[in-house]
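Note that the protein sequences, when read in sequence, are chains A and B.
Each residue of the first sequence is one higher than the last, beginning at 1 in UniProt numbering.
Each residue of the second sequence is one higher than the last, beginning at 1 in UniProt numbering.
Before any comments, here is the structure.
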Amino acid sequence: METDITDDFTLWKQGAEARLFTGNYLGKSSVMKERFTKSYRNSTLDAYLTKERIKAEAKTLVRCRSAGIPTPTLYLVDFERKRIVMENLENSLTVKDYIIQLSETDDSNNNLNELEFISQEIGRLLGKMHSANIIHGDLTTSNMLVTQDNGSVRLHLIDFGLSYVQQSSEDKAVDLYVLERALLSTHSNVAQMFGAILNAYQLVFKDKAKEILKKLSDVRARGRKRDMIG
Amino acid sequence: MYSFEQKLEFGVALHLRLFSNVKNTRELRSGVMSGQLLCALIKPKLLVDPFQLVIAANKAVVRQNVSSLVTKSIYTEILFNLSPSKNITQGLTKFGVGDDDTDIFVLVIPNSDEELQEVLRQVDGDMRPIEDAKEMLSINEVIKTYSIHNDELAISNLLDSVVTRIAAKDCL
Ligand SMILES: Nc1ncnc2c1ncn2[C@@H]1O[C@H](COP(=O)(O)OP(=O)(O)OP(=O)(O)O)[C@@H](O)[C@H]1O
Ligand SMILES: [Mg+2]
């Protein structure tokens, strides 16, 4: 019996809807993201939703690249085995972990600069993404990866299973709101950081940014109301 | 390096050779079309790197093993996978060689070494180092064929852009 190249992949992370494995695939250090069945869901519906997520993920990886947003290189899409295989962004940190790491080191001057820089990068990429009418759908700080090679910091977006194309300002505002909430849970100085993100966002996304930021305050107000009701 | 070999999924091995000054392209093509010559004959002009073929061939092998091919053979499937178009004929003519081509990538997924040697023996041309394919590449045509714009090339190398599109083709 021939062994398969994915046999010696090792389980790396277990998410809510997918398992991530790492290994060598066709000579490249790779991540395999395999979605699994949700037992409580009707199986026909589940198969349909899984396929839609895989499709959305692959499609938006390409769309983002076209719009000048770094994403992992895709190697395989396999609906049958519910998986995609992509480039492993080695030595990357999620923005979440990157912020935590910065807040735990001492050099506070430098840290402020780095926080400022990464905030600008986040704003700039999200501005590009929304200009292209791409809605991420799960814009948390775990779905942004930072790589650093010899001094240059680069931001990549990942995890597009819930993404879609939509012009409306409302959907873009909700994307931003999800990010704000995610930052709130990791970073004490979030107001400053989110402000820097929105500034950079407006710079690249001139024409419609105002309207989106106005929607954002509506979305925040609704969120507060929801929080009060419980 | 005159030969390129890569193990794909399901224990399948891909073999690649590059030829110049091929004198019997027409015969080779008719052999392929009649199913007597088991290989794909590919134009080097649109190939950025052998990895592009690896991704297209691996996708074909996976499909053959987990579901079914869209086209009639693994070799036509590879040409189809390389093409951004969903039109099969268009893919075959764009990436497959024509009768007048003299530079040819020969891609073989053989069951045995004899089978590989048998295919290579049929080619009347000069074997070249795989790296020489760079001289036959037209970057502008690649960019045009796969619709890759400057915004993307500012953040990605050409090969990564191309293989991502090949992998994602059914989702676009
Ligand atoms: N290409 C990659 N390179 C490096 N790390 C990655 C890559 N893809 C994912 N990761 C890591 O794995 C984590 C989980 O991946 P991802 O966000 O795609 O899955 P998920 O959150 O379980 O997916 P979903 O929300 O669709 O269920 C990421 O936060 C990141 O740390
Ligand atoms: Mg995630």
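The C-beta atom is built at its ideal place from N, Cα and C for all residues, glycine as well.
Computed from a prediction, not measured in an experiment: that's the story for all the values here.
For residue 27 of chain B, the uninterrupted alpha helix (DSSP H) run begins and ends at 25-33, by DSSP.
According to the DSSP assignment, residue 42 of chain A belongs to no alpha helix (DSSP H), since it is labelled neither H nor E. Per the Cβ contact rule, the stretch 10-19 of chain B is in contact with the stretch 112-130 of chain B (3 or more Cβ pairs under 8 Å). Per the coordinates, the alpha-carbon of residue 133 of chain B lies some 14 Å from the alpha-carbon of residue 97 of chain B. Minimum Cα-Cα distance from residue 23 of chain A among the listed residues A/4, A/41, A/188 corresponds to A/4.
The beta carbon of residue 159 of chain A sits closer than 7 Å to those of 138, 143, all from its chain and outside the five residues before and after it, given in chain order. Remark: the C-beta of residue 43 of chain A is outside contact range of ligand 2, defined as less than 7 Å to any heavy atom.
By the rule that beta-carbons nearer than 8 Å mark a contact, residue 153 of chain A does not touch chain B. Considering only beta carbons, the part of the stretch 40-62 of chain B lying closer than 7 Å to chain A consists of 54, 55, 58, 59, 62, in chain order. Residue 150 of chain A counts as exposed, since fewer than 16 other beta carbons sit within 10 angstroms of its beta carbon. Take the alpha-carbon of residue 85 of chain B and the one of residue 146 of chain B: they are about 9 Å apart.
In the three-state reduction of the DSSP assignment, residue 97 of chain B falls in the coil class. In chain order, 25, 43 place their CB closer than 7 Å to the CB of residue 101 of chain B, counting only its own chain and leaving out the 5 sequence neighbours on each side. From the beta-carbon of residue 149 of chain B, the residues of chain A found nearer than 8 Å are 66. Restricting attention to A/73, A/145, A/99, the CA atom closest to the CA of residue 194 of chain A is found in A/99. Between ligand 1 and residue 153 of chain A, a heavy atom-to-CB distance of less than 7 Å is absent. The beta-carbon separation of residue 51 of chain B and residue 159 of chain B, rounded to 6 Å, stays under the 8 Å limit for a contact.
At a cut-off of 8 Å between beta carbons, residue 37 of chain B makes no contact with chain A. Counting other Cβ atoms within 10 Å of its Cβ, residue 123 of chain A reaches 16 or more and is therefore classed as buried. In this structure residue 155 of chain A is in contact with residue 146 of chain A, their Cβ atoms being roughly 6 Å apart against a cut-off of 8 Å. Of all residues in the stretch 67-83 of chain A, only 67, 68, 69, 70, 71, 72, 73, 74, 75, 76, 77, 78, 79, 80, 81 come within less than 9 Å of chain B when Cβ atoms are compared, listed by chain position.
Beyond the five residues adjoining it in sequence on each side, residue 87 of chain A comes within less than 6 Å, by CB distance, of 72, 73 in the same chain, given in chain order. For residue 175 of chain A, the shortest C-beta to heavy atom distance toward ligand 2 is 7 Å or greater. Collapsing the DSSP output to three states places residue 29 of chain A in a strand. The alpha-carbon separation between residue 20 of chain A and residue 7 of chain A amounts to approximately 14 Å.
Boundaries cannot be given for residue 17 of chain A, as no beta strand (DSSP E) includes it and DSSP labels it neither H nor E. Residues lining ligand 2 by the Cβ criterion, that is a Cβ closer than 6 Å to any of its heavy atoms, are A/142, A/143, A/159 in chain order. If you ignore the 5 residues before and after residue 22 of chain B, its C-beta comes within less than 7 Å of the C-beta of 102, 104, 123, 124, 125, all in its own chain and listed in chain order. The beta-bridge partner set that DSSP reports for residue 156 of chain A consists of A/145. Pairing residue 40 of chain B with residue 215 of chain A, the inter-Cα distance amounts to about 55 Å. Contact annotation for residue 164 of chain B against chain A: 61, 62, 65, 73, 74 [CB-CB distance below 7 Å, chain order]. Per the DSSP secondary-structure output, residue 77 of chain A pairs in a beta bridge with A/84. Not a single CB atom of chain B sits nearer than 8 Å to the CB of residue 134 of chain A. Between the alpha carbons of residue 116 of chain B and residue 90 of chain B lies a distance of about 28 Å. Using a Cβ distance threshold of 8 Å, residue 174 of chain A and residue 127 of chain A do not count as a contacting pair. Taking residue 35 of chain A as reference, the option from A/70, A/64, A/84 with the minimal CA-CA separation is A/84.
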